[in-house]
Every structure is written in structure tokens, then in C-alpha cells.
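Numbering of the sequence shown is given in this note's numbering, commencing with residue 558 and proceeding in unit increments. Before any comments, here is the structure.
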Amino acid sequence: LRRKTKGDDGAGMVVPGQTGFPIIGETFSFFSSLGSPSGVQSFTERRAKRYGRTFLTNILGQNRVFTSEREAVKLVWSSEHRLFTHGGGRAAEEMMGRDSIFYAGSDVHKKMRRLVGEPLSRDILKKNFERMEAICLDILDGWSGKTVSAIDGTSSARKNLMALLDNIIERRRKGEEIKDDFIQSMISRDGLPQEERLTNSEIKDNCLALLLAGHATTGATLTWVMKYLEENPDAKETLMEEYRLIQEKNAGLTWDDISNMPYTSKVF
């Protein structure tokens with residue numbers, strides 16, 4: 558997070574922490590931690606122990622606030638951008654798009670949070686649980702025996718993906734294709750008042766933002782889970798035993814099973 562101040566010199570900051578060397582800040586320490594066994598956690602834990610769960614640092618020439626406190630996160634979301642502004646950098650903004658939920662400002666951001674959040678609600682996830690499980694299992698089966706490598710054309714991935722989404726949205730708006738998915742839920746707002754509709758640019762940017770956010774968070778979580786389970790065989794066996802008990806009752810996972818897997822919830 559980057560706190561709004563009169564300048565970028567930290568004036569008015571009340572968050573404890575340190576900003577390191579002039580201009581450089583703690584940039585080198587932050588990026589060097591990414592290559593450590595515990596990743597960025599090694600950077601945040603050292604400072605959290607010294608300054609608390611909310612602390613100030615300086616990365617890439619800008620003051621940043623790291624927090625893992627519920628009330629602090631609530632303050633950011635409820636402030637409606639009066640105290641904070643996005644500070645992800647120009648490259649990240651260009652990648653995700655200026656109309657994405659992560660870079661929209663003030664009133665537009667509030668609108669996006671509401672509209673984008675509706676098709677991702679608990680009830681919708683419950684309704685599509687079996688469908689999502691089938692997709693995940695199909696993808697995992699396709700990975701068997703293969704090695705993941707860099708994809709050709711990654712540098713132009715956003716341009717190619719935007720062209721693909723343009724084509725999908727155009728067909729959906731013309732009624733040539735109708736599906737029960739996120740894009741369709743956004744297009745279905747066309748019959749509502751103007752302020753409730755979404756433009757093609759808003760739909761595309763938010764599709765990409767959700768893909769990137771979901772990939773980064775889910776991928777990182779699964780990677781660390783696999784690492785720690787391999788290093789802790791007793792925990793791995795307890796987790797597998799919980800799965801075996803579920804499999805004895807059902808052929809596959811159900812929504813109700815999720816709430817009856819306490820150890821799995823602790824692991825993740």
C-alpha cells in the first residue's frame with residue numbers, strides 16, 4: 558500500500574518501520590528475500606517482529622505499508638481511497654489494465670468491487686462446485702508426466718488475450734454464444750441502467766486482473782503447501798487420512814465436505 562501524503566517523503570506517516578537508504582530504500586532486501594527458502598515471508602517476518610504486524614518500508618523508491626491485521630485491511634477497503642492509492646507501478650497497471658478493480662479510482666473502484674464480487678459470491682461458488690472440481694481434475698490429469706516450461710510469445714500475452722476476449726464478448730453481446738460464466742454475468746447487465754453496465758474495456762481488464770490475482774495467490778499457496786508437507790510427513794499423513802475418510806463416503810468432493818475438513822482448513 559502507498560499512503561497518500563503531500564510528497565513521497567513519508568510526511569504524516571504514523572506507521573512504525575524504516576525506509577532504508579535514500580532512493581534505494583529496502584528494495585534490495587525485499588527482492589533478495591524472494592530467492593530465500595521462505596520467500597518474501599523472511600522479509601516481512603523480521604520487520605513484523607520488530608515493528609508489529611503493520612509496518613512501513615520503502616520499495617522501488619516509494620513508501621509501502623505491509624499489514625496482516627484485519628482492522629488495518631478493513632481501514633483500507635472502507636476508506637474509499639481517501640487515505641490510500643494504488644502503487645503497483647506503471648508496468649503492473651499496463652498489464653492488468655486501468656479499468657481493472659485493482660487500478661480503478663474512488664467511485665469506479667467501489668462500483669467494480671460490487672459488480673465483480675456478485676458472480677463470485679458464496680452461493681455462486683457452491684452452485685458451481687462440482688463443475689470447478691471436474692475442471693481441476695481434468696487439468697491435473699493433463700499435467701501428468703509433463704514439465705512446465707516458458708510459453709512462446711509470453712511478452713505479447715496481454716495483447717493476444719485481449720483480442721481473444723474481444724471476440725468472446727462480441728459473440729456474447731450478439732447472442733451468438735451464451736454460457737453460464739463470469740463474462741456472461743457481466744454482459745447480462747446490458748439491460749440495466751447505464752451506471753450498472755460494464756464496458757468491453759472494464760470486462761476485459763477485470764477478467765485479466767482476476768486471472769492474474771487468482772494464479773499468483775493460488776499458485777504460491779499450493780507451492781508452499783507442497784514444500785512444507787514434504788518436509789513434515791506426519792502432517793502429510795494426517796491430511797491424507799482426512800481425505801481417505803471423505804473418499805469412503807463419496808466418489809468426489811462436495812461442498813458439504815469442505816466444511817467437514819478441519820485439518821485441511823488449517824493447512825491452507
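We put the beta carbon where it would ideally sit given N, CA and C, even for glycine.
Report task. Look at the Cβ atom of Gly574, then the Cβ atom of Thr624, and state whether they are nearer than 7 angstroms. Result -> As a first step, residue 574 must be located in the sequence shown, where it is residue number 17. As a first step, residue 624 must be located in the sequence shown, where it is residue number 67. No, these two residues do not count as a Cβ contact at 7 angstroms.
Query - Expected contact under 8 angstroms - CB spacing of Thr611 and Val572 to nearest Å - result: Taking the sequence shown and counting its residues from 1, the one referred to as residue 611 is at position 54. Taking the sequence shown and counting its residues from 1, the one referred to as residue 572 is at position 15. In this structure, Thr611 and Val572 form a Cβ contact; the two beta carbons are roughly 6 angstroms apart against a cut-off of 8 angstroms.
Query - Pairwise C-alpha distance: Lys736 and Gln751 - result: Counting from one through the sequence shown, the residue named residue 751 turns up at place 194. Counting from one through the sequence shown, the residue named residue 736 turns up at place 179. Put simply, the backbone Cα of Gln751 is about 23 angstroms away from that of Lys736.
Query raised in the report: With C-beta atoms as the reference, is Ser657 less than 7 angstroms away from Ala766?
Result: Reading the sequence shown from its first residue, position 100 is the one you call residue 657. Reading the sequence shown from its first residue, position 209 is the one you call residue 766. Cβ atoms of Ser657 and Ala766: closer than 7 angstroms.
Query raised in the report: Going by alpha carbons, who is nearest to Thr795 out of Ser822, Leu779, Leu769 and Ala808?
Result: The residue you call residue 795 lines up with position 238 of the sequence shown. Checked all of Ser822, Leu779, Leu769 and Ala808; the closest Cα to Thr795 is Ser822.
Query raised in the report: Are Phe587 and Ile616 close, meaning C-beta to C-beta below 7 angstroms?
Result: Within the sequence shown, numbered from 1, the residue matching residue 587 stands at position 30. Within the sequence shown, numbered from 1, the residue matching residue 616 stands at position 59. Yes, the pair counts as a contact, with Cβ atoms nearer than the cut-off.
**Report entry** Nearest to Ile760 (by Cα), restricted to the options Thr774, Gly809 and Asn724
**Finding:** Counting from one through the sequence shown, the residue named residue 760 turns up at place 203. It is Asn724.
Query raised in the report: Is the segment 677-696 touching the segment 804-819 in the sense that three or more CB pairs, one from each, lie closer than 8 angstroms?
Result: Judged by pairs of C-beta atoms under 8 angstroms, the segment 804-819 touches the segment 677-696, as three or more such pairs exist.
Report task. Alpha carbon to alpha carbon, how far is Phe578 from Asp565? Give it in angstroms, no decimals. Result -> For the purposes of this step, residue 565 is identified with residue 8 of the sequence shown, where counting begins at 1. For the purposes of this step, residue 578 is identified with residue 21 of the sequence shown, where counting begins at 1. Bear in mind that the predicted position of Asp565 carries a pLDDT of just 47, short of 50, making it too unreliable to give a figure here.
Requested in this report: Find out if the Cβ-Cβ distance for the pair Asn763, Val673 is shorter than 7 angstroms.
Outcome: Position 206 of the sequence shown holds residue 763. Position 116 of the sequence shown holds residue 673. For Asn763 and Val673, yes; Cβs fall inside 7 angstroms.
Query raised in the report: Thinking C-alpha only, which one of Met653, Glu675, Arg688 and Asp747 is nearest Lys716?
Result: Translated into the one-based positions of the sequence shown, residue 716 becomes position 159. From the listed residues Met653, Glu675, Arg688 and Asp747, the smallest Cα separation to Lys716 is found for Met653.
Query raised in the report: Per DSSP, what kind of secondary structure is Asn724 in: helix, strand or coil?
Result: Translated into positions along the sequence shown, residue 724 becomes position 167. Correct three-state label for Asn724: helix.
**Report entry** Helix, strand or coil at Thr614 according to DSSP, with G and I counted as helix
**Finding:** The count along the sequence shown starts at 1 and reaches residue 614 at position 57. It is a strand residue.
**Report entry** Pairwise C-alpha distance: Asn817 and Glu799
**Finding:** For the purposes of this step, residue 799 is taken as residue 242 along the sequence shown, with counting starting at 1. For the purposes of this step, residue 817 is taken as residue 260 along the sequence shown, with counting starting at 1. Whole-angstrom Cα-Cα distance: 9 angstroms.
Query raised in the report: Leaving out the 5 sequence neighbours to the left and right, which residues in its chain are closer than 7 angstroms to Arg728 when beta-carbon positions are compared?
Result: By one-based count along the sequence shown, residue 728 stands at place 171. The beta carbon of Arg728 lies closer than 7 angstroms to those of Glu734 in the same chain, with the five residues before and after it left out.
Query - Close beta carbons around Val597, own chain, < 8 angstroms, minus the five adjacent residues each side - result: Taking the first residue of the sequence shown as 1, we reach residue 597 at position 40. Here the set comprises Phe587, Ser590 and Leu591.
Query raised in the report: Any heavy atom of the ligand SAH closer than 6 angstroms to the CB of Phe686?
Result: With respect to the ligand SAH, the structure offers nothing, as it holds no ligand at all.
Query - Host alpha helix (DSSP H) of Val597 (start-end) - result: The residue given as residue 597 occupies position 40 in the sequence shown. Segment Val597 to Tyr608, the alpha helix (DSSP H) holding Val597.
**Report entry** Limits of the unbroken beta strand (DSSP E) element including Phe623
**Finding:** Position 66 of the sequence shown, counting from 1, holds the residue named residue 623. Going by DSSP, Phe623 is part of the beta strand (DSSP E) stretching over Gln619 to Thr624.
Query raised in the report: Nearest-angstrom Cα distance between Ala661 and Lys667?
Result: Taking the sequence shown and counting its residues from 1, the one referred to as residue 661 is at position 104. Taking the sequence shown and counting its residues from 1, the one referred to as residue 667 is at position 110. Approximately 9 angstroms between the Cα atoms of the pair.
**Report entry** Terminal residues of the alpha helix (DSSP H) in which Asp698 lies
**Finding:** As a working mapping, residue 698 is identified with position 141 in the sequence shown. That run of the alpha helix (DSSP H) goes Phe686 to Trp700.
Query - Where the alpha helix (DSSP H) containing Ser758 begins and where it ends - result: Locating residue 758 in the sequence shown gives position 201, counting from the first residue. Per DSSP, the unbroken alpha helix (DSSP H) holding Ser758 starts and ends at Asn757 to Glu788.
Requested in this report: Quick one: give me the first and last residue of the alpha helix (DSSP H) that Asp814 is part of.
Outcome: Here residue 814 refers to the residue found at position 257 when the sequence shown is read from its first residue. Looking at the DSSP string, the run of the alpha helix (DSSP H) that includes Asp814 is Trp812 to Ser816.
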